[in-house]
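Worksheet: one structure, shown below.
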Amino acid sequence: MKLRPFIVWLISLALVASVIALYLDNRKKAGQLATVEVQLRELVTKLAELEQEKNTVAQAQQEEIERLRKDNQELLRLRNEVRQLRDEKDQLAHQAQLAQTQVQRAQAQVAAAQLQLDALRTNVLPQQPAPQASSRPLPEQVQLAQLQQCINNLRILDGAKQMWALENRKPATAVPTQQELMPYLGETGFPTCPAGGVYTLNQVNVPPTCSIPGHALE
3 MKLRPFIVWL ISLALVASVI ALYLDNRKKA GQLATVEVQL RELVTKLAEL EQEKNTVAQA
63 QQEEIERLRK DNQELLRLRN EVRQLRDEKD QLAHQAQLAQ TQVQRAQAQV AAAQLQLDAL
123 RTNVLPQQPA PQASSRPLPE QVQLAQLQQC INNLRILDGA KQMWALENRK PATAVPTQQE
183 LMPYLGETGF PTCPAGGVYT LNQVNVPPTC SIPGHALE
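First residue of the sequence shown: 3, per my numbering; consecutive thereafter.
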C-alpha cells in the first residue's frame, strides 16, 4: 500500500517529462518551420528578381534588334540613293558629251558657212572688208546647244554635290570645293560652260549656278 504514492509520483513524473519533451520537440520544429518560411520567402523574392531581370534583358535585346533593323534599313536606303545618284551622274555625263558633240558640230557648220560667205563677199565685193567674226552674233541653234550643255553641266555638278554631302554626312548649308567634287565627276573632270560662263557651286540645298543669264536649273 505504501508503494502506490510512489508509483503515482513516478507516473506523474513520467507525464511531466513527456510533456516537457513534447514541448521542446514542438518548439524545435516551430523554429525549423520559421527558418524554412524565411528561406522560402527569400527564394520567392530571388525568383521575382530573376524574373524581372530576365524581362529587362529580353526587352533590351528586343530594343537592340529593332535598332539594328532600323540601321540596316537606313543603310540600304542610303546605298540605293548613292547608286541612283551615280546612275544619274553617268546619264548626265553622257548627255553632256552628246551636247558637246552637237555644239562642236554646229560650230564647225557655222565656221564653214562663214568661210563660204567670206569667199562670196570677197568675190563679189573685193574692196569691202569682211566683218570680224567676234562681232557676229551666234546662230540660235548654237546658243540653244550651248544652253542645253550648260544646264547638263549644272545637273552633273548638283548630282556630284549631293553625293559628296551624302557620303560625307555634310549639312544642307555646307559648300563643297571644286577639288572635293572631283572624285564624283568621273573621267570628264570639272565641266565648263561652253559659252564661257563661270560656275558657282553654292550650298548643298542650293543648285549650282552659271554667270550667264538664262543658264540655270529650273
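Beta carbons are placed, not taken as given, at the ideal position from N, Cα and C, and that holds for glycine. Since the model is a prediction, treat every value here as computed from it, not as a measurement.
Excluding its 5 nearest sequence neighbours in each direction, R157 has C-beta neighbours in its own chain below 7 Å: L94, L219, listed in chain order. Beta-carbon to beta-carbon, N155 and A98 are separated by about 6 Å, close enough to satisfy the 8 Å threshold. With contact defined as three or more Cβ pairs closer than 8 Å, the segment 179-199 and the segment 211-218 are in contact. Per DSSP, the continuous alpha helix (DSSP H) segment holding K163 begins and ends at 142-169. In terms of Cα proximity to M165, the closest of E55, K91, L42, I153 is K91. Between V208 and G161, the alpha-carbon positions lie close to 12 Å from each other.
With contacts defined by Cβ atoms closer than 7 Å, Q205 and T179 do not form a contacting pair. Taking the Cα positions, T47 is about 10 Å away from Q41. Apart from the 5 residues on each side of it in sequence, L159 sits with its Cβ closer than 6 Å to the Cβ of P210 in its chain, given in chain order. The secondary-structure analysis by DSSP pairs T202 across a beta bridge with T211. For E182, the enclosing alpha helix (DSSP H) has its first and last residue at 180-183.
Pairing R69 with N57, the inter-Cα distance amounts to about 18 Å.
The C-alpha of L15 is placed about 10 Å away from the C-alpha of I22. Nearest neighbour of L168 by Cα position, chosen from R81, D27, S20, turns out to be R81. Within the same chain, K91, D92, A95 come within 8 Å of G188 by CB-CB distance, once the 5 residues on both sides are set aside. Q148 counts as buried, since no fewer than 16 other beta carbons sit within 10 angstroms of its beta carbon.
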